[in-house]
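Below: one structure, written as structure tokens.
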Amino acid sequence: MGCSSSVPDRSAGRIGGINPDNGGVVDAKNLKVKLVLLGDSGVGKSCIVLRFVRGQFDPTSKVTVGASFLSQTIALQDSSTVKFEIWDTAGQERYAALAPLYYRGAAVAVVVYDITSPESFSKAQYWVKELQKHGSPDIVMALVGNKADLHERREVPAQDGIDYAEKNGMFFIETSAKTADNINQLFEEIAKRLPRPSPS
Amino acid sequence: MTSDSNSSSSDSSSGRDDRNPDSGSEPDPNPESIDQSLDAIENQLASISMASRSPTATLDDDEEEEEDQSAEQLTIGNGSVEEEIGVAGAIDSIEDEHIVDNNNIRAELPGVIAESPSFEWKNISEGDEVERPLSPNSSGYAGERGSTSGGDDVNDDEEDTEIRVVENDGVSGSHEQWVSGKRYPDEDDASVSWRKRKKHFFILSHSGKPIYSRYGDEYKLAGFSATLQAIISFVENGGDRVKLVKAGKHQVIFLVKGPIYLVCISCTEEPYESLKGQLELLYGQMILILTKSVNRCFEKNPKFDMTSLLGGTEAVFSSLIHSFNWNPATFLHAYSCFPMAYATRQAAGAILQDVAGSGVLFSLLMCKHKVISLVGAQKASLHPDDLLILSNFIMSSESFRTSESFSPICLPRYNAMAFLYAYVHYFDIDTYLILLSTSPDAFFHLKDSRIRIETVLVNSNVLGEVQRSLVDGGLHIEDLLMDPGSRAGANSSHLGQPRPAADSSGRITDGFVGIGGPAGLWHFIYKSNYLDQYVSSEFSSPINSLRQQKRLYRAYQRLYASMHDNGTGPHKTQFRRDENYVLLCWVTQDFELYAAFDPLADKALAIKICNRVCQWVKDVENEIFLLGASPFSW
Chain G
1 MGCSSSVPDR SAGRIGGINP DNGGVVDAKN LKVKLVLLGD SGVGKSCIVL
51 RFVRGQFDPT SKVTVGASFL SQTIALQDSS TVKFEIWDTA GQERYAALAP
101 LYYRGAAVAV VVYDITSPES FSKAQYWVKE LQKHGSPDIV MALVGNKADL
151 HERREVPAQD GIDYAEKNGM FFIETSAKTA DNINQLFEEI AKRLPRPSPS
Chain H
1 MTSDSNSSSS DSSSGRDDRN PDSGSEPDPN PESIDQSLDA IENQLASISM
51 ASRSPTATLD DDEEEEEDQS AEQLTIGNGS VEEEIGVAGA IDSIEDEHIV
101 DNNNIRAELP GVIAESPSFE WKNISEGDEV ERPLSPNSSG YAGERGSTSG
151 GDDVNDDEED TEIRVVENDG VSGSHEQWVS GKRYPDEDDA SVSWRKRKKH
201 FFILSHSGKP IYSRYGDEYK LAGFSATLQA IISFVENGGD RVKLVKAGKH
251 QVIFLVKGPI YLVCISCTEE PYESLKGQLE LLYGQMILIL TKSVNRCFEK
301 NPKFDMTSLL GGTEAVFSSL IHSFNWNPAT FLHAYSCFPM AYATRQAAGA
351 ILQDVAGSGV LFSLLMCKHK VISLVGAQKA SLHPDDLLIL SNFIMSSESF
401 RTSESFSPIC LPRYNAMAFL YAYVHYFDID TYLILLSTSP DAFFHLKDSR
451 IRIETVLVNS NVLGEVQRSL VDGGLHIEDL LMDPGSRAGA NSSHLGQPRP
501 AADSSGRITD GFVGIGGPAG LWHFIYKSNY LDQYVSSEFS SPINSLRQQK
551 RLYRAYQRLY ASMHDNGTGP HKTQFRRDEN YVLLCWVTQD FELYAAFDPL
601 ADKALAIKIC NRVCQWVKDV ENEIFLLGAS PFSW
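One line per chain: the protein sequences are G and H, in this order. Each residue of the first sequence is one higher than the last, beginning at 1 in full-length UniProt numbering. Each residue of the second sequence is one higher than the last, beginning at 1 in full-length UniProt numbering.
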């Protein structure tokens, strides 16, 4: 993964990192969770986040540098709320060594690939393995096939995604940040799957 | 190689096809094939120069005549420039004459110029693009070298094609409309259009693998890269180092940085020192993204392919290369401050100072590429070149504008081996904050610091002042008052005051009044050597178009290089007149002043004006410079 000179040693076992309060729980009805997006460059991670947080879609591709930080709160039907603190990481190879900085302590990882790119699907599998090895043991993982609007150029069958997700205990969904298809569903589904603190 | 690059220029563009394909991707240590490679690049260069050769040729005699005219010396008068420079001025003018003589001695050595004390790529005697001094022994190049200035400059660099498209009316625009990112990615060294580009930049590895090319696709340029590598290693094998190759109108400048090679191929007639400085900045920009520890990758695997590590950074490099045309910071090695009222800047500085030291290494509040305020932790100092490549990196990476970000960056002059962690937040479209920390876990701390800073900036209306000052601009030459004695109540020369109508009292009434400032003053740049900061006057008529601005910057750049030429300099004053400008340069221990006047400007008056400019800058220095606000030294 290129140069990793001053990247923190992931075996150092530093706690916290980019994680303000480890619990992430404000109270039983209002959760605050750290969410990280991982995936190859150009699969649309930033587009998914911006669609979710701001309802916007910008077709001009803007390469993410390092990682962007955004947050968004959603209300669930049972009148509880979940505040997502989202780390939208850069997909470039040179940032791969920095990923632990962002996924350490994350309650949710969204691994994104592009349904028109088998390479990005392989990269997604790499990230899933990485998270299984180094992420939190109880992390909620979602596998997202983005750019579903480009179905005529599809190269990764939906079934491949479903199968891989099932094998790895992940939640699977295909989305389109462009058409907003399944974007809110993705985050609502994640919210439902979050472990709830037992009411005290 | 050294002697026949000229004759090979008649080989036509088919020369490229003579290249031994095997010498392309796998440079062979076998000297014979290196020779073949050298032949190949020679042919390539020759065909490049064929492609862009100007049909207009000037006679040597004409040029020498014009040179004499343009090298008009600064004479001793009674202005205070002379008072200050005194005897030194007289010595200067003798030196300058000596330099003019050198003109004819200086041989424009074609071919490889190795690092040796006897060679100097001098430009002091070059009047302008127009006045190309040609030595007798370089007459073989007359046809190529003798392109007339106007034509060459007007056509200068396709790099601005987009600008012209965007602003068809051609009047004052801004470089920000320039389209960033990789352009002409489909070209390679076989494309005629690629060969015609006036200024190429390449980064390659010591094994000849392409890393970055300004134009064209890196992978398709593998053969060309390998040829460049072969030239460098051929000279290195001889225990020497190649700095510059001349092939007709083209200069090929080499810079070796460990396993990274940087090459510029240019026919823009910029001085060698300037182009070398640009390669240094390009290297610094790469280090900012990757740190120097990228060298370790080459220790492990000499054939390591670095292109993927720089994925998505084309816009950063192309924006830096574009800034070589418009940003004087690229050759002055100084930074510019955003002009604003002293009290406002103090308020901004105070809150930055407040957060510094609590784990923040540097806090920078910037508006575009100008510094509003900047504070470093104790003993930490930021080099102007680092500031340049940092602000370029941030402004050219669009994602920073979308949301707050946290990214590793390296400041090569601070510590080239390690990453710092940058928190970046845009307050509005132009104004942004950079907080740098050594800790990768500092994000939330820096975010909290930003919230504190933002509260203060909003409460003290700093951001509103910035927007207002953006509209007003900085120093307008029209506001330059001629007589310091009559300045009672003449606050108009201060910033943040309503600017008076065009011909208010206090303006110069004696002598020639140009279209721009008094006495034909068109523009100036003042650099404070203590502060490592410079101020550049706002452009006004007739330097309106981007093309004229770029031409003026090129002239300043040449002036700067000639004043700082190690072989003949440093010099203290220079006065030069050509068909485009009168340029006056004055270098002291404290400051450097570069001023451009109407070509018909009167010399004595121009000198007087320069003294006034210096006085003016001193009068408003706390509005245009960041003065000792913090305990760091540069």
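For glycine and all other residues, C-beta sits at the position ideal for the given N, C-alpha and C.
From the DSSP output, in three-state form, read off residue i for me.
| i | result |
| --- | --- |
| residue 139 of chain G | coil |
| residue 250 of chain H | strand |
| residue 617 of chain H | helix |
| residue 410 of chain H | coil |
| residue 11 of chain H | Because the pLDDT at residue 11 of chain H is just 39, under 50, the model does not fix this residue reliably, and the value given afterwards should be weighed accordingly. The answer is helix: DSSP assigns residue 11 of chain H an H, G or I state. |
| residue 547 of chain H | helix |
| residue 476 of chain H | coil |
| residue 626 of chain H | coil |
| residue 611 of chain H | helix |
| residue 349 of chain H | helix |
| residue 163 of chain G | helix |
| residue 128 of chain G | helix |
| residue 360 of chain H | strand |
| residue 179 of chain G | coil |
| residue 419 of chain H | coil |
| residue 64 of chain H | Unreliable placement is indicated for residue 64 of chain H, whose pLDDT of 33 sits below 50; the coordinate value is still reported in the next sentence. Looking at residue 64 of chain H - three-state DSSP - the assignment turns out to be helix. |
| residue 92 of chain G | coil |
| residue 304 of chain H | coil |
| residue 344 of chain H | helix |
| residue 184 of chain G | helix |
| residue 206 of chain H | coil |
Considering just the uninterrupted stretch of the alpha helix (DSSP H) at residue i, what are its terminal residues?
| i | result |
| --- | --- |
| residue 109 of chain G | Unbroken run through residue 109 of chain G is the beta strand (DSSP E), 108 to 114; no alpha helix (DSSP H). |
| residue 223 of chain H | 222 to 237 |
| residue 196 of chain H | 192 to 196 |
| residue 322 of chain H | 314 to 326 |
| residue 396 of chain H | 384 to 396 |
| residue 401 of chain H | 399 to 402 |
| residue 99 of chain G | 99 to 103 |
Assign residue i to buried or exposed, taking buried as 16 or more other Cβ atoms, counted over all protein chains shown, within 10 Å of its Cβ.
| i | result |
| --- | --- |
| residue 554 of chain H | buried |
| residue 191 of chain G | buried |
| residue 319 of chain H | buried |
| residue 204 of chain H | buried |
| residue 247 of chain H | buried |
| residue 458 of chain H | exposed |
| residue 301 of chain H | exposed |
| residue 74 of chain H | Summary for residue 74 of chain H: the model assigns pLDDT 37, below 50, so the residue's position carries little reliability; its value from the coordinates is reported in the next sentence. That one is buried. |
| residue 327 of chain H | buried |
| residue 405 of chain H | buried |
| residue 557 of chain H | buried |
| residue 451 of chain H | exposed |
| residue 75 of chain G | exposed |
| residue 245 of chain H | buried |
| residue 435 of chain H | buried |
| residue 200 of chain H | buried |
| residue 343 of chain H | exposed |
Taking the beta strand (DSSP E) that residue i falls in, what are its first and last residues?
| i | result |
| --- | --- |
| residue 565 of chain H | Taken as a continuous stretch (DSSP letters only), residue 565 of chain H belongs to no beta strand (DSSP E), as it is neither H nor E. |
| residue 429 of chain H | Residue 429 of chain H -> no beta strand (DSSP E), and no H or E assigned at all. |
| residue 583 of chain H | 582 to 587 |
| residue 330 of chain H | Careful: residue 330 of chain H lies outside any beta strand (DSSP E), inside the alpha helix (DSSP H) at 329 to 332. |
| residue 210 of chain H | 210 to 213 |
Please name the residues in the segment 392 to 417 of chain H whose beta-carbon is closer than 7 Å to at least one beta-carbon of chain G, in chain order. 397, 398, 399, 400, 402, 403, 404, 405, 406, 407, 408, 417
Of all the alpha helix (DSSP H) runs that stay within the bounds of the segment 270 to 299 of chain H, which reach a length of 4 or more residues? 272 to 290
Anything in the segment 55 to 74 of chain G with a Cβ closer than 7 Å to a Cβ of chain H? List those residues in chain order, please. 62, 63, 64, 65, 66, 67, 68, 69, 70
Of the residues that make up the segment 73 to 105 of chain G, which ones have a beta carbon closer than 7 Å to any beta carbon in chain H? 92, 93, 94, 98, 101
Just to confirm the assignment: which complete alpha helix (DSSP H) runs, minimum length 4, are found wholly within the segment 440 to 479 of chain H? 443 to 459, 462 to 472
Entirely within the segment 25 to 70 of chain G and at least 3 residues each: give me those beta strand (DSSP E) ranges in chain order. 25 to 27, 30 to 39
Cβ-based contacts, 7 Å cut-off: residues of the segment 440 to 465 of chain H near chain G: 440, 441, 443, 444
Got a sec: which bits of the segment 36 to 47 of chain G sit with their beta carbon under 9 Å from any beta carbon on chain H, in order along the chain? 41, 42, 46
Got a sec: which bits of the segment 135 to 162 of chain G sit with their beta carbon under 9 Å from any beta carbon on chain H, in order along the chain? none
Beta carbons nearer than 7 Å to chain H: which residues of the segment 178 to 198 of chain G have them? none
At a Cβ cut of 8 Å, what residues of the segment 282 to 293 of chain H count as close to chain G, listed as they run along the chain? 289, 290, 291, 293
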